[in-house]
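Novice: Take a look at the following structure, please.
Residue numbers (my numbering): 548 to 739.
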């Protein structure tokens with residue numbers, strides 16, 4: 548398999564979904580700052596079809612948030628939506644999970660984390676993603692993509708685990724990656 552070509556194809560589909568869903572302009576219409584995060588921002592989107600956004604607003608207003616999501620939900624490609632209220636936690640956010648069907652009937656998960664501007668995580672994941680992208684060589688990118696595509700679907704592995712293993716610890720194959728994971732345990736947010 549040409550991992551980079553498949554990643555590029557998935558990235559093109561993701562960009563079309565972003566455009567067709569109107570997520571960015573709908574959030575911007577209420578004054579939100581919208582940033583792409585995760586594997587799509589880093590450039591290593593693989594077989595896990597997901598798109599991650601962090602949306603920043605001055606306040607976490609449930610009514611306003613539901614209004615924006617209701618506009619997104621009018622798109623017939625939206626099949627399911629989930630809401631989690633974490634406004635009174637350290638994360639200080641609302642989590643939205645949207646399942647979106649692409650033109651080939653593949654289901655994508657779009658995570659929109661609405662964060663209160665100025666809170667602890669404001670911009671944190673964007674900075675981490677950019678740091679990873681800057682540290683990643685072309686060979687590392689190929690290795691990360693190969694590891695992601697080689698991961699069985701039943702294993703749930705955070706993208707950050709791949710980045711740490713390859714970029715920080717020089718892991719180059721799946722067997723060594725599994726051994727690396729056995730030696731490292733992560734709970735909650737994995738920091739870079």
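Virtual Cβ for every residue (Gly too), placed ideally from N, Cα, C.
Model, not experiment: these values are computed from the prediction.
#1: What first and last residue would you give for the alpha helix (DSSP H) that runs through residue 616?
#2: Could you give the residue range of the alpha helix (DSSP H) that holds residue 553?
#3: Where does the unbroken beta strand (DSSP E) through residue 641 begin, and where does it stop?
#4: Assuming the contact rule is C-beta atoms closer than 8 Å, residue 584 and residue 673 should be a hit. Round their C-beta distance to whole Å, please.
#5: Are the beta-carbon atoms of residue 656 and residue 644 separated by less than 8 Å?
#6: Going by C-alpha to C-alpha distance, which of 592, 572, 560 sits closest to residue 554?
#7: Per DSSP, residue 601 is paired with what?
#8: Indicate whether residue 679 and residue 669 have their beta-carbon atoms separated by less than 8 Å.
#9: Taking its Cβ as the centre, do 16 or more other Cβ atoms sit within 10 Å of residue 703, making it buried, or is it exposed?
#10: Of the residues 724, 621, 729, which one's Cα is nearest the Cα of residue 691?
#11: Can you name the residues that DSSP bridges to residue 632?
#12: Tell me whether the beta-carbon of residue 620 lies closer than 8 Å to the beta-carbon of residue 628.
#13: Between residue 718 and residue 727, how many whole angstroms is the CB-CB distance? I'm expecting something under 8 Å.
#14: Closer than 7 Å: is that where the CB of residue 729 sits relative to any heavy atom of the ligand ZN?
#15: Starting from residue 708, trace the alpha helix (DSSP H) in both directions and tell me its first and last residue.
#16: Quick one: measure Cβ to Cβ for residue 581 and residue 600, integer angstroms, because I've assumed they're closer than 8 Å.
#17: Suppose you measure from the CA of residue 552 to the CA of residue 635; what does that come to, to the nearest Å?
#18: Report back the beta-carbon spacing between residue 671 and residue 694 to the nearest angstrom; my notes put them in contact at under 8 Å.
#19: With a threshold of 16 other CB atoms inside 10 Å of the CB of residue 587, please say whether the residue is buried or exposed.
Specialist: Per the coordinate set shown:
#1: 609-620
#2: 550-568
#3: 640-648
#4: 6 Å
#5: yes
#6: 592
#7: Bridge partners of residue 601 according to DSSP: 582, 660.
#8: no
#9: exposed
#10: 724
#11: 641
#12: Residue 628 sits close to residue 620, with the two beta carbons spaced by under 8 Å.
#13: 5 Å
#14: Ligands are entirely absent from the displayed structure, and the ligand ZN is therefore not among its contents.
#15: From DSSP, the alpha helix (DSSP H) with residue 708 extends over 706-710.
#16: 6 Å
#17: 42 Å
#18: Actually they do not touch by this definition, with Cβ atoms about 24 Å apart.
#19: buried
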